[in-house]
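>
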Amino acid sequence: MELKIIYWAVLLVTFLGIYLLGSRTDLKLWVRVMIALLVGAIIGFIFGDLTQSSKWIGDLFVRFIRMLIVPLIFTSLVAGVVSMGDPKRLGSIGIKTIVLYLLTTFFAIIIGLTLGTIFNPGAGIDLSGVIPFETASSSMSVSDRLFGIVPTNPISSLADGEVLPIIFFSILLGVGIILGGEKTKSLGNVFSSAAEAVLKIAHLVMQLAPYGVLSLIAWVSGTMGLAALQNLFVLTVILYAGCMIHMIFVYGGLIRLVAGLP
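For the sequence shown, this note's numbering begins at 4 and goes up steadily by one.
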């Protein structure tokens, strides 16, 4: 019992230190997150299974993130479509966006498969305690998936977090607001304000990232050992390397092509 009290005292003092770093210095959020990750690994190594008592902090942070996904997609898409002001412009931009998305996704898959084949990241990570995620969509045909994009009940899709139906309905709603002219202009303003409000909430939630990351990493280190973090570190390095390759060569190549640079 005394050791648990000591653990919580150390954890709270660490949280206070991270807060002071953010409020009294110019340290960026990502730097504080990296510090939290390192300190969390050390705390987990020292206190072991006691870190399970604080895992709920990390779980709560993850729930905050998941809470914002649907409102962020819905309000941002509607507001973005309304800001274009012309459905024809939306169609032109939409086609170009889809082509660009498919092209960059193709190269991302090639880069990911190549790095995964060469380095085999994630090897040695124990997944015995992970519950596999299964949905009915795994047995759906291509036509069923396409029909599934059109929601039979948009409210239900919003509640269930079905991303593609939400995107489809958001775009249609935005087009409807544009076509409504002056009668629906106020509704467009509501969505623009709502999107701004959700972004502000997202900013507040992200300020909690160091505390959530510290709690989760401490739990991983304390219950699974530093070996699990070593494998996770290798996986993270390869992931960022893949992202850098994609940004430099794929996005960089597209920018040079579009801009006509030699």
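We put the CB at the ideal spot given by N, CA and C, even for glycine. If you're wondering where the values come from, they're calculated on a predicted model, not measured in any experiment.
Give the DSSP-derived three-state secondary structure of L161 in the structure shown.
helix
> Report the CB separation of G47 from I220 in whole angstroms; it is logged as a contact under 8 Å.
7 Å
> Assign I204 to one of three DSSP states: helix, strand, or coil.
Here I204 sits in helix by DSSP.
> Using alpha carbons as the reference points, say which of F110, T54, T78 and L30 lies closest to M250.
Among F110, T54, T78 and L30, the Cα nearest to that of M250 belongs to F110.
> Using C-beta distances below 8 Å, list every residue in its chain close to L71, excluding the 5 sequence neighbours before and after it, in chain order.
Only V201, I204, A205 and V208 meet the Cβ criterion.
> Which residue from L238, S218 and S196 puts its Cα closest to that of F77?
Taking only the C-alpha atoms, the option nearest F77 is S196.
> Using 10 angstroms around the beta-carbon of S95, count the other beta-carbons present and answer buried if the total reaches 16, otherwise exposed.
exposed
> In or out: V65 buried (at least 16 other Cβ within 10 Å) or exposed?
exposed
> Assuming S316 contacts I152 (C-beta within less than 8 Å), just tell me the rounded distance between them.
Since the displayed the chain opens at 4 and closes at 265, residue 316 lies outside it and no answer follows.
> For V237, which residues from the same chain have a beta carbon less than 7 Å from its beta carbon, with the 5 sequence-adjacent residues on both sides left out?
P124
> Tell whether a beta-carbon distance below 8 Å holds between V42 and F194.
no
> Measure the CB-CB distance between I114 and G245 and report whether it falls below 8 Å.
yes
> Would you check if there are 3 or more beta carbon pairs closer than 8 Å linking the segment 216 to 235 to the segment 49 to 62?
yes
> Is L211 helix, strand or coil by DSSP?
coil
> Tell me where the alpha helix (DSSP H) around S57 begins and ends.
Boundaries for S57: no alpha helix (DSSP H) harbours it, and the DSSP string shows neither H nor E there.
> For L116, which of helix, strand or coil comes out of DSSP?
helix
> Helix, strand or coil: how does DSSP classify V153 here?
V153: coil per DSSP, three-state reduction.
> Counting along the chain, where does the alpha helix (DSSP H) carrying F1 start and finish?
Residue 1 falls outside the range modelled here, since the chain spans only 4 to 265, and no answer is possible.
> Measure the Cβ-Cβ separation of R35 and I45 and say whether it is below 8 Å.
no
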